[in-house]
Amino acid sequence: MRNLLERGLTAEGYAVSAVDNGVDALIAASREPVSGMVVDVMLPGMSGFEICRRVRASGISAPILLLTARDAVKDRVFGLDSGADDYLTKPFDFEELSARLRAMLRRHTGGDRLRITVGRLLLDSEMLRITSGDTVIPASPKEFALLRLLAGDVGNPVSRTQILEQVWGTTQHIDPNIVDQYISYLRRKIDPQTSGVKIVTVRGAGYRLELVE
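Pasting the structure below:
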């Protein structure tokens, strides 16, 4: 199942890091910033419930979708109380898993407005898609979340700490330079002349999104 999910999510544009046991899952979550997690309850080495508890205890707020064959109410309640954001029982259709994952990521970005327009860009939080006119600008979930954060406060600087907390879910065990790296990714993809916006570095304060006339 892991390989099928990895292929399916990769085909939908996600950058996927897959592991096959609970211990490696916890290590991966603590070392590598993640947008979201899909966790099977029955993993060798550590249960999905325990992974949820430890991830939350470490301060990581990335949304977690639990997969399990257990359909009893008490099991669902236990999973949610352990720190999961949603619960999907096996067997399931990949389309449902994908929809639930999109919904979790959408909620996590914090926007009640599913679509916002800034400059000539349209940011669709439901599809995690950026478009400029008829052109779709490919972006990872993290890149989308970062641009969405900047677009929510056009003209005002957003600090690296704010970005780490709201996009990566934590400031612990993360190199702050990763923010600069993702800003660089977005700058390569978003042309100010065609998009009508540009990302400006504010020395000592962070970054802001500006409209280009």
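In case it helps, UniProt numbering puts the sequence shown at residues 1 to 213. Cβ coordinates follow ideal geometry from the N, Cα and C atoms, glycine included.
According to the neighbour-count rule (16 or more other Cβ atoms, all chains shown, within 10 Å of its Cβ), is residue i buried or exposed?
i: Ser-35; result: buried
i: Met-37; result: buried
i: Glu-213; result: exposed
i: Gly-79; result: buried
i: Glu-95; result: exposed
i: Pro-141; result: buried
i: Ser-195; result: buried
i: Ile-27; result: exposed
i: Leu-4; result: exposed
i: Ser-184; result: exposed
i: Pro-33; result: buried
i: Phe-49; result: buried
i: Gly-204; result: exposed
Which residue marks the beginning of the alpha helix (DSSP H) containing residue i, and which one marks its end?
i: Glu-165; result: Unbroken run through Glu-165: none, as it is neither H nor E.
i: Tyr-87; result: Tyr-87 -> not in any alpha helix (DSSP H); beta strand (DSSP E) instead, spanning 86-89.
i: Ile-51; result: 48-57
i: Ala-15; result: Segment: none, Ala-15 is in no alpha helix (DSSP H) and carries neither H nor E.
i: Leu-4; result: 2-11
i: Gly-79; result: 73-81
Assuming residue i and residue j form a contact by the criterion Cβ under 8 angstroms, report the distance between their Cβ atoms to the nearest whole angstrom.
i: Leu-67; j: Asp-40; result: 5 angstroms
i: His-173; j: Ser-30; result: 6 angstroms
i: Arg-208; j: Asn-156; result: 6 angstroms
Put residue i into one of helix, strand or coil per three-state DSSP.
i: Ser-35; result: coil
i: Tyr-207; result: strand
i: Arg-115; result: strand
i: Val-154; result: coil
i: Val-179; result: helix
i: Val-136; result: strand
i: Leu-67; result: strand
i: Val-197; result: strand
i: Asp-20; result: coil
i: residue 243; result: Since the first and last residues shown for the chain are 1 and 213, residue 243 lies out of range.
i: Asp-93; result: coil
i: Ile-60; result: coil
i: residue 225; result: What is shown of the chain runs 1 to 213, which leaves residue 225 out entirely.
Considering only the beta carbon of each residue, do residue i and residue j sit closer than 8 angstroms?
i: Gly-206; j: Val-158; result: yes
i: Ala-72; j: Leu-43; result: no
i: Val-202; j: Gly-119; result: no
i: Val-23; j: Gly-59; result: no
i: Leu-147; j: Leu-186; result: yes
i: Arg-102; j: Leu-128; result: yes
i: Glu-165; j: Ser-98; result: no
i: Arg-53; j: Ser-82; result: yes
i: Ala-139; j: Lys-189; result: yes
i: Ala-151; j: Ile-116; result: yes
i: Leu-149; j: Ile-163; result: yes
Between which two residues does the beta strand (DSSP E) harbouring residue i extend?
i: Arg-120; result: Counting along the chain, Arg-120 falls outside any beta strand (DSSP E), and DSSP gives it neither H nor E.
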